[in-house]
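So the sequence lines, in the order shown, correspond to chains U and Z.
Each residue of the first sequence is one higher than the last, beginning at 9 in the working numbering.
Each residue of the second sequence is one higher than the last, beginning at 4 in the working numbering.
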Amino acid sequence: MSIAAPDEATVTRTVAIAKARARRRFSPRKALLGIAGIVLFLAIWELASRTGLVDARYLPPPTVVIPHLFQVATFPDFWVAVGDTLLAWGVGLLIALVLASVLGVVIGLSPFLRRATNSTVEFLRPIPSVALIPLAVLLFGIRFEATLLLVVYAAFWQIFIQVLYGVADVDQVAMSTGRSYGFSRWQLVTGIVFPTTLPYLMTGVRLASAIALILAVTAQLVIGTPGLGNEIAFAQNAGNYNTMYALMIATGLLGVLINLGARALERRLLSWHTSVRGEVPA
Amino acid sequence: MRKVLVGVAFTLGLPAILVTVWWISTIVSPSFFVPEPAELIGEFFTLWFGPRFWADVVPSVGRFAAGVAVAIVAGMLLGIVIGLNRTLRALTEPLFEFFRALPAPVLVPPLLLIIGPNDAMKIVVIAIGAVWPVLLNTVEGVRAADPVQNDTSRSYGISGFNRVRYQVLPSAAPQILAGVRQSLPIGLILMVISEMFAPTGGLGAAIIRFQRTFAIPEMWSGILLLGILGFLVAVIFRFVERRILRWYYGLKDIENAG
Numbered sequence: 009m010s011i012a013a014p015d016e017a018t019v020t021r022t023v024a025i026a027k028a029r030a031r032r033r034f035s036p037r038k039a040l041l042g043i044a045g046i047v048l049f050l051a052i053w054e055l056a057s058r059t060g061l062v063d064a065r066y067l068p069p070p071t072v073v074i075p076h077l078f079q080v081a082t083f084p085d086f087w088v089a090v091g092d093t094l095l096a097w098g099v100g101l102l103i104a105l106v107l108a109s110v111l112g113v114v115i116g117l118s119p120f121l122r123r124a125t126n127s128t129v130e131f132l133r134p135i136p137s138v139a140l141i142p143l144a145v146l147l148f149g150i151r152f153e154a155t156l157l158l159v160v161y162a163a164f165w166q167i168f169i170q171v172l173y174g175v176a177d178v179d180q181v182a183m184s185t186g187r188s189y190g191f192s193r194w195q196l197v198t199g200i201v202f203p204t205t206l207p208y209l210m211t212g213v214r215l216a217s218a219i220a221l222i223l224a225v226t227a228q229l230v231i232g233t234p235g236l237g238n239e240i241a242f243a244q245n246a247g248n249y250n251t252m253y254a255l256m257i258a259t260g261l262l263g264v265l266i267n268l269g270a271r272a273l274e275r276r277l278l279s280w281h282t283s284v285r286g287e288v289p290a
Numbered sequence: 004m005r006k007v008l009v010g011v012a013f014t015l016g017l018p019a020i021l022v023t024v025w026w027i028s029t030i031v032s033p034s035f036f037v038p039e040p041a042e043l044i045g046e047f048f049t050l051w052f053g054p055r056f057w058a059d060v061v062p063s064v065g066r067f068a069a070g071v072a073v074a075i076v077a078g079m080l081l082g083i084v085i086g087l088n089r090t091l092r093a094l095t096e097p098l099f100e101f102f103r104a105l106p107a108p109v110l111v112p113p114l115l116l117i118i119g120p121n122d123a124m125k126i127v128v129i130a131i132g133a134v135w136p137v138l139l140n141t142v143e144g145v146r147a148a149d150p151v152q153n154d155t156s157r158s159y160g161i162s163g164f165n166r167v168r169y170q171v172l173p174s175a176a177p178q179i180l181a182g183v184r185q186s187l188p189i190g191l192i193l194m195v196i197s198e199m200f201a202p203t204g205g206l207g208a209a210i211i212r213f214q215r216t217f218a219i220p221e222m223w224s225g226i227l228l229l230g231i232l233g234f235l236v237a238v239i240f241r242f243v244e245r246r247i248l249r250w251y252y253g254l255k256d257i258e259n260a261g
């Protein structure tokens with residue numbers, strides 16, 4: 009057993025590294041199957057629309073909608089709407105990030121504050137952000153700030169909770185060591201708390217960036233603040249169903265881009281971390 | 004005894020301070036937009052625990068429950084099938100990536116057209132929006148099943164339904180429940196939005212009506228009710244999760260202790 013043990017460890021590590029490589033390597037079979045899946049979905053949609061399974065007035069086939077998307081993409085109004093949506097998304101996410109990481113670290117580091125705020129956090133967090141829509145309308149009307157309020161509220165909790173988990177995960181021995189070396193509070197936070205919390209923070213940012221887009225589009229859809237959501241509602245009211253579906257596809261693609269961007273950012277910032285390196289720590 | 008009192012003080016301390024600050028500020032500078040706490044609580048009980056309870060609250064909660072139930076069942080069934088089959092996984096991956104990234108509320112306008120402004124549309128919207136976290140987490144959970152366990156099942160000739168029931172599902176359960184936890188708030192959000200769009204009744208419709216008619220305390224009481232609903236859903240879920248995953252938490256406690 010004592011002879012077999014190191015072998016086993018080497019094998020496990022080799023397998024883990026190979027797996028990590030395989031994850032990164034491009035596989036033509038997988039890509040082809042993925043494209044086939046999309047084509048299959050479009051074919052079902054086309055058939056459902058052409059055969060009258062679903063009323064073609066209400067669900068135009070993709071061969072009409074997708075060319076229409078390219079046409080819509082030539083209108084400046086479309087890009088203004090995309091810009092408005094991205095602005096609300098970005099500014100909201102940034103405000104939530106700053107608020108949540110500062111509050112998260114301050115509250116997370118103090119056992120007293122953590123206990124005192126727990127019940128309030130547990131009550132406020134599950135409030136569905138759309139419940140604030142009427143409040144946002146009363147306070148700001150159909151302006152940009154109304155969207156911003158919803159985006160910040162929803163994104164804040166995602167990041168805040170992750171930062172709390174991250175701060176709770178900080179190694180107490182490292183903290184005591186830091187303290188006995190006479191680290192200042194600021195040095196403790198930047199040198200020990202921040203590196204431990206960063207993976208949690210990034211998870212929070214990734215989740216929040218998806219939620220922030222949902223809330224930005226929702227606010228535009230329901231309240232009527234400028235952006236893609238409002239354009240979709242407008243197209244529906246005007247009976248421009250081709251435009252409505254084209255804008256929906258555009259919104260989904262925007263979401264895919266944001267997800268991919270968040271994941272790439274996470275990989276870059278955490279390239280030193282085992283969860284990204286994909287090696288076994290041993 | 005002292006421990007209990009300190010616990011209660013920690014639980015109620017901050018909420019009490021916040022409500023006091025709110026109360027004093029409404030007395031010092033009354034605002035049309037912000038009701039007094041007493042007024043809000045009074046409005047809350049007279050409004051929602053009268054006839055509106057059966058007319059608005061129960062149907063909304065029913066639609067939420069139905070939509071989320073459909074999402075959980077469909078997500079788990081599809082997730083198991085896709086998770087166990089490598090080809091299906093490659094086939095569906097980019098497509099699911101798109102649907103997960105599509106903000107679910109934009110599905111409301113087209114479904115409103117196709118199905119019409121009825122209960123079925125609202126349930127479908129909730130189900131379509133809430134299905135993704137369950138589905139994707141089930142796929143991940145099934146895929147992450149321990150290879151040694153897989154081989155053991157195979158060599159004992161355990162396959163098909165039995166393998167899913169006794170090996171795959173238990174090992175994927177923590178991940179599946181993590182997906183369910185994410186899907187609940189999405190379901191609640193979609194419940195409210197679908198009602199705001201097709202104002203044929205329900206909480207979302209009522210709150211929007213209050214806001215448009217400037218019935219401010221009523222509007223706030225609606226927001227409060229939605230908050231309490233969200234809170235209750237989270238509490239019930241935590242209870243159910245603890246029961247289903249009792250073995251899992253037990254295992255983790257032992258690992259942490261060791």
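Quick reminder that beta carbons are idealized off the backbone N, C-alpha and C, glycines included.
- Taking each of U:PHE164, U:PRO84, U:VAL80 and U:ILE52 in turn and checking the Cα distance to LEU107 of chain U, the smallest one comes out for U:PHE164.
- The beta-carbon of VAL138 of chain U is placed less than 8 angstroms from the nearest beta-carbon of chain Z.
- Among the residues of chain Z, none has a CB under 8 angstroms from the CB of LEU61 of chain U; the nearest is roughly 11 angstroms distant.
- Non-local beta-carbon contacts of GLY182 of chain Z in its own chain, meaning distances under 6 angstroms to residues more than five positions away in sequence, involve PRO136, VAL137 and ASN140 in chain order.
- For ASN140 of chain Z, the uninterrupted alpha helix (DSSP H) segment begins and ends at 122 to 146.
- DSSP, read as helix, strand or coil, puts PRO70 of chain U in helix.
- One finds ASN126 and SER127 in chain U with Cβ atoms closer than 8 angstroms to the Cβ of THR14 of chain Z, taken in chain order.
- In this chain, SER137 of chain U is not harboured by any alpha helix (DSSP H), its DSSP state being neither H nor E.
- Interface flag for VAL178 of chain U against chain Z is unset, since no Cβ pair is found closer than 8 angstroms.
- Buried is the label assigned to ALA144 of chain U, since at least 16 other Cβ atoms lie within 10 Å of its Cβ.
- Note that the region 192 to 200 of chain Z touches the region 103 to 116 of chain Z; at least 3 beta-carbon pairs, one per stretch, sit closer than 8 angstroms.
- The way I'd put it, the region 69 to 84 of chain U does touch the region 243 to 257 of chain U; three or more beta-carbon pairs between them come closer than 8 angstroms.
- In this structure, the beta-carbon distance from GLU39 of chain Z to THR29 of chain Z falls below 8 angstroms.
- Look at the region 31 to 57 of chain U: the residues with a C-beta under 9 angstroms from a C-beta of chain Z are SER35, ARG37, LYS38, ALA39, LEU40, LEU41, GLY42, ILE43, ALA44, GLY45, ILE46, LEU48 and PHE49.
- Residue contact with chain U for GLY182 of chain Z: absent (no Cβ-Cβ distance below 8 angstroms to any residue of chain U).
- Listed in chain order, the positions of the region 184 to 198 of chain U with a beta carbon within less than 9 angstroms of a beta carbon of chain Z would be empty, since no residue qualifies.
- About 6 angstroms separates the beta carbons of GLN178 of chain Z and GLU143 of chain Z, which is inside the 8 angstroms limit, making them a contact pair.
- In the three-state DSSP reduction, PHE48 of chain Z falls in the helix class (H, G or I).
- Here the alpha carbons of ALA224 of chain U and ILE115 of chain U stand approximately 28 angstroms from one another.
- Residues are counted here when their Cβ sits less than 8 angstroms from a Cβ of chain Z; for the region 140 to 165 of chain U these are LEU140, ILE141, PRO142, LEU143, VAL145, LEU146 and LEU147, given in chain order.
- ILE231 of chain U sits in coil when the DSSP states are folded into three classes, being neither helix nor strand.
- Along the region 98 to 121 of chain Z, the positions whose C-beta sits under 9 angstroms from a C-beta of chain U are LEU98, PHE99, GLU100, PHE101, PHE102, ARG103, ALA104, LEU105, PRO106, ALA107, PRO108, VAL109, LEU110, VAL111, PRO112, PRO113, LEU115, LEU116 and ILE117, read in chain order.
- At a cut-off of 8 angstroms between C-beta atoms, ALA19 of chain Z does not count as an interface residue with respect to chain U.
- Within chain U, no C-beta atom comes nearer than 9 angstroms to that of PRO38 of chain Z; the closest sits roughly 12 angstroms away.
- Under the three-pair Cβ rule at 8 angstroms, the region 122 to 130 of chain U does not count as touching the region 259 to 274 of chain U.
- In the DSSP assignment, ASP154 of chain Z falls within the alpha helix (DSSP H) that extends over 150 to 158.
- Put simply, the backbone Cα of ASP122 of chain Z is about 15 angstroms away from that of TRP57 of chain Z.
- Interface flag for GLY163 of chain Z against chain U is unset, since no Cβ pair is found closer than 8 angstroms.
- Look at MET210 of chain U: its C-beta is not under 8 angstroms from any C-beta on chain Z.
- Residue-level contact check: ILE200 of chain U does not touch chain Z, since none of the beta carbons of chain Z fall below 8 angstroms from its beta carbon.
- With respect to VAL236 of chain Z, LEU187 of chain Z sits close: the two C-beta atoms are nearer than 8 angstroms.
- Around the beta carbon of ASN259 of chain Z, fewer than 16 other beta carbons lie within 10 angstroms, which makes this residue exposed.
- Between GLY205 of chain Z and chain U, the shortest Cβ-Cβ separation is not below 8 angstroms.
- In the DSSP assignment, ASP85 of chain U falls within the unbroken alpha helix (DSSP H) covering 84 to 117.
- With a threshold of 8 angstroms between beta carbons, VAL88 of chain U makes no contact with chain Z.
- In its chain, beyond the 5 residues on either side, no residue has a beta carbon closer than 8 angstroms to the beta carbon of PHE131 of chain U.
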